[in-house]
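One structure is given here, and the rest of the page talks about it.
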Amino acid sequence: MRRASKSTQRLAVIGIVLIILVSIFAVFSIAQSPRRQAQKQATNIAEQKVGLKDPTRFYWFDRDKTYYTVEGKNKQNQTIDVIIAQKTGNITVVNQQNGWSRNQALTKVWDEYHPKKVLNINLGLYHNQPAWDIAYLDQKGNLNYLLLSFKNGHEINLIKNA
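Following this note's numbering, the residues of the sequence shown are numbered contiguously, the last one being 247.
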């Protein structure tokens with residue numbers, strides 16, 4: 086009798102743990118759904134309207150307006166970013182050769198701001214100009230936001246939380 090109750094308890098614990106794990110996975114999947122949907126839609130638009138091929142990155146830029154950016158290659162095999170306005174669907178195409186790359190922007194952040202951790206980097210439009218939006222934690226763990234010009238890497242805006 087005692088053996089059966091321990092076995093039953095063990096099965097109950099395993100069942101509860103499995104239910105918790107499945108629930109966590111379901112919540113995470115549902116939370117990621119809008120991003121996946123936006124990425125799929127933006128990639129389709131970039132491929133159909135601009136002829137983008139081999140998409141490699143997706144950015145969700147959310148400053149004064151929301152933009153979806155898909156990075157890939159154009160017909161000349163050059164790396165381009167297709168920036169799509171969420172509300173209007175207006176498209177801006179920038180050639181990576183004509184501005185700062187993701188790596189250049191990150192290098193500037195690490196060299197000049199010495200973050201503890203870079204949380205994310207996104208490319209979009211700020212006042213109709215391409216810009217890199219970088220969120221990072223400073224050495225004290227404070228969340229900061231940096232906006233760099235895509236064209237020349239100059240600081241457009243810095244929000245420091247102390």
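Glycine included, each C-beta is placed from N, C-alpha and C at the ideal position.
If only complete runs of 4 or more residues are kept, the region 192-218 shows no alpha helix (DSSP H) anywhere. Straight-line spacing of the CA atoms in I244 and K201 works out to 16 Å.
In the three-state reduction of the DSSP assignment, K245 falls in the coil class, being assigned neither a helical nor a strand state. Measuring C-alpha to C-alpha distances from I130 to each of L106, H212, T173 identifies T173 as the nearest.
In this structure, DSSP gives K172 a state outside helix and strand, which the three-state scheme calls coil. Taking C-alpha positions only, L204 is separated from Y221 by approximately 5 Å. In the pairwise beta carbon analysis, the region 207-224 is classified as touching the region 138-156: at least three pairs are separated by under 8 Å.
In the displayed model, S186 falls within coil according to three-state DSSP, outside both helix and strand. In this structure, the straight-line span from the alpha carbon of L137 to that of F143 is close to 13 Å. In the structure shown, R142 adopts extended strand secondary structure according to DSSP, grouped into three states.
Annotation for E132: no beta strand (DSSP E) segment contains it, and DSSP assigns it neither H nor E. Beyond the five residues adjoining it in sequence on each side, N175 comes within less than 8 Å, by CB distance, of I169 in the same chain, given in chain order. DSSP places K158 in the uninterrupted beta strand (DSSP E) bounded by 151-158. Distance from the CA of G100 to the CA of D149, rounded to the nearest whole angstrom, comes to 47 Å. Cβ-Cβ separation between N246 and N229: approximately 6 Å, consistent with a contact (criterion under 8 Å). With 16 or more other CB atoms across the displayed protein chains lying within 10 angstroms of its CB, W145 is buried.
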